[in-house]
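Here the structure is laid out as structure tokens; the discussion comes afterwards.
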Amino acid sequence: MGIAQAAAPLRLHLGCSGAAPPRPTSLRVGFGFGSHARRKGGRRRSPPRAASSLHPSSNTRAHDHDPVLKPPAPAGDVAGRDLNGAADHAPQQRRRAASDLEEEAWALLRESVVSYCGSPVGTIAACDPNDSSPLNYDQVFIRDFVPSGIAFLLKGEYDIVRNFILHTLQLQSWEKTMDCHSPGQGLMPASFKVRVVPLEGDEEGATEEVLDPDFGEAAIGRVAPVDSGLWWIILLRAYGKCSGDLSFHERIDVQTGIKLILKLCLADGFDMFPTLLVTDGSCMMDRRMGIHGHPLEIQSLFYSALLCAREMLTPEDGSADLIRALNNRLMALSFHIREYYWLDKRKLNEIYRYKTEEYSYDAVNKFNIYPDQIPPWLVEWIPPEGGYLIGNLQPAHMDFRFFSLGNLWSIVSSLATTRQSHAILDLVEAKWSDLVAEMPLKICYPALEDQEWKYITGSDPKNTPWSYHNAGSWPTLLWQLTVACIKMNRPEIAARAVEVAERRISVDKWPEYYDLSVGGSSANKLDYSKRGPLRASLWPSCCSKTLKSLEYFVTTKTRNLLMLLISWLIHAARTGSVAGKPRRRPTLCKSNSSSNVRGVLRCSGVVFCANRTYTSRICTYYSELV
């Protein structure tokens with residue numbers, strides 16, 4: 001499905017009673033939206049009217065090569081009757097349940113709206129009535145408001161998004177210092193809070209409302225938010241496309257805000273790469289998680305924001321140099337990510353054969369990556385037909401973890417190529433039990449465990465393995481998955497994920513995230529995750545759907561992989577060739593060391609990464625059978 005096709009159904013009125021239908025729009029799925037929603041205070045509003053029941057469209061790119069992935073045809077006739085002639089009420093019941101779930105989500109979302117001087121300006125991050133110390137969860141976060149803002153835009157409620165954009169724009173110019181140091185101009189706050197303070201020089205008891213921003217000087221870890229400005233530009237573009245108010249972009253204050261963000265991001269520095277260099281905790285993963293450097297999430301948002309800004313900047317003499325620098329960065333960034341961040345079976349084989357310590361302009365191993373960095377879990381985990389963009393790339397370091405937001409937003413923003421985008425979705429399907437399990441969607445995979453968790457997170461008790469940012473399950477990521485699937489004309493993937501979330505998210509009281517490797521237990525912050533499922537349900541291709549469960553083949557056991565590998569080695573040794581190419585017969589030393597086995601595997605053209613126990617077994621089997 002093309003972008004225009006995906007956008008066309010969004011003109012439908014999904015609204016609540018009394019709301020004006022949204023104006024016609026050509027909303028582009030390609031260039032970004034983003035983050036969450038809530039509200040504080042005020043009277044409780046009645047829940048909105050349920051949205052129309054919409055069904056997922058058919059997928060013309062069905063997996064013909066894999067019949068297992070095709071849903072079975074329902075038994076019975078087209079009138080919804082079973083083989084015995086009785087009416088099947090299950091679809092109607094499921095649609096009714098999904099409609100009730102959406103009504104509940106909208107009611108909670110409207111209760112989280114924050115007002116400033118009588119106008120809505122955003123939604124709080126989370127609302128847990130049992131938490132006496134919410135820390136900063138009662139504030140309006142820029143990244144967290146984006147999915148809520150998109151939901152309001154699709155409802156035709158533009159005022160809250162417009163107010164949010166203008167008020168955060170005013171906060172951009174505030175003086176911000178920490179320990180007598182001020183960051184560069186253009187930095188957007190991570191969050192803000194509406195405070196009521198006494199009015200000076202007036203009668204006793206008079207008060208006024210003020211906005212209190214946090215640029216990182218009060219945040220846990222004192223990290224400035226790099227992604228806030230990028231999300232702000234993306235939401236600004238979405239507002240103009242949805243509302244049709246394109247003149248809003250041309251305001252002097254809005255144009256100035258865009259330019260300040262771009263100048264901050266495009267400023268010259270010491271880095272040789274086109275990617276943004278950031279510290280740990282500067283994005284959605286706002287705690288220490290080993291993503292310092294050039295994390296994929298920041299790069300995908302950066303690329304999307306550059307595209308949005310290029311369309312919104314007015315042609316002026318003062319903007320010519322900025323637009324030129326923007327275009328150059330877009331070209332270099334897209335090439336860098338597509339070429340060096342991409343990982344599939346073929347690329348894994350290349351990395352395993354890398355030569356190191358290359359000093360030349362035409363070196364193949366440009367970042368001096370050592371093959372021994374390849375983690376043992378990766379070779380078995382990555383599917384033959386799938387691939388993904390790695391989480392980070394620095395000199396002598398590749399972060400092989402799968403980061404959901406960065407990969408999904410690379411699809412949405414077209415940072416990934418068409419082939420790469422389909423391969424990412426293929427990987428999500430093939431590794432459904434790892435990435436979705438009982439509750440979508442893993443923020444990253446796999447989790448940092450044992451000594452690795454201690455060293456990288458600093459023994460963070462909140463980021464224990466399979467919890468929070470350390471491979472916890474975040475339902476709010478459903479909306480990014482939905483947009484990516486619609487863009488690639490594969491809405492059945494998102495539909496299946498939404499169905500999984502619908503089973504229990506309301507019963508669990510809309511938790512922020514889920515713990516455990518299968519998303520089994522919910523965390524204590526409520527009211528956060530409604531934004532992702534709600535945002536996903538507003539996309540017609542995934543609204544109120546139910547797909548029958550699909551069965552997937554179990555991952556190949558290590559034992560079978562070893563036997564296959566041994567057979568391959570024996571064949572290569574006896575015939576002296578691999579894949580039809582003559583090769584020197586590999587000789588095995590008496591020592592069963594790991595390095596010796598790796599030498600045999602490289603000579604045979606086989607990619608393998610195992611622990612010492614398995615490599616010792618291979619050596620033993622190989623010596624006996626050859």
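The opening position of the sequence shown corresponds to residue 1 in full-length UniProt numbering, with each subsequent residue numbered one higher.
For glycine and all other residues, C-beta sits at the position ideal for the given N, C-alpha and C.
In this structure, LEU296 lies near GLY406, with their beta-carbon atoms less than 7 Å apart. By the CB criterion at 7 Å, PRO225 and ALA190 fall inside the cutoff. By the neighbour-count criterion, in which a residue is buried when 16 or more other Cβ atoms sit within 10 angstroms of its Cβ, PHE335 is exposed. With fewer than three CB-CB distances shorter than 8 Å, the region 357-366 does not count as touching the region 263-280.
For the region 472-510, not one full-length beta strand (DSSP E) segment reaches 3 residues or more. Taking a contact as a CB-CB distance under 8 Å, the pair ALA396 and TYR370 counts as one, their CB atoms being some 7 Å apart. Collapsing the DSSP output to three states places ASP515 in a strand.
GLN394 sits in a strand when the DSSP states are folded into three classes.
Around the C-beta of THR314, fewer than 16 other C-beta atoms lie within 10 Å, and the residue is accordingly described as exposed. Contact annotation: VAL161 and LEU169 have beta-carbon atoms that are not nearer than 7 Å. The Cβ-Cβ distance between VAL412 and ALA484 falls below 7 Å. Cβ contact annotation for PRO213 (same chain, cutoff 7 Å, sequence separation greater than five): LEU171, TRP174, PRO189, PHE192, in chain order. The beta carbons of MET439 and PRO475 sit about 6 Å from each other, so the pair counts as a contact at 8 Å.
In the three-state reduction of the DSSP assignment, GLY186 falls in the coil class. In this structure, the straight-line span from the alpha carbon of GLU203 to that of VAL210 is close to 18 Å. Going by DSSP, LEU260 is part of the alpha helix (DSSP H) stretching over 252-265.
In the structure shown, HIS181 falls within a strand segment according to DSSP collapsed to helix, strand and coil. Excluding the 5 residues flanking it on each side, LEU101 has same chain C-beta neighbours closer than 7 Å at GLU502, SER506, in chain order. Across the structure, PRO274 and ARG237 are spaced so that their CA atoms are roughly 23 Å apart. The C-alpha of GLN373 lies about 13 Å from the C-alpha of ASN392. Counting only runs of 3+ residues, the beta strand (DSSP E) found wholly inside the region 323-403 occupies 342-344, 387-394, 397-403, in chain order. Straight-line measurement puts the Cα of ARG288 at about 14 Å from the Cα of ILE443.
DSSP links ARG195 through a beta bridge to VAL210. Going by C-alpha positions, VAL197 is about 55 Å away from LEU378. Residue pairing by DSSP places VAL226 in no beta bridge whatsoever. The three-state reading of DSSP puts GLY122 in strand, counting E and B together. Here DSSP, grouped into helix, strand and coil, assigns LYS442 to strand. A distance below 6 Å between beta-carbons, with the five flanking residues on each side excluded, links LYS454 to no residue of its chain.
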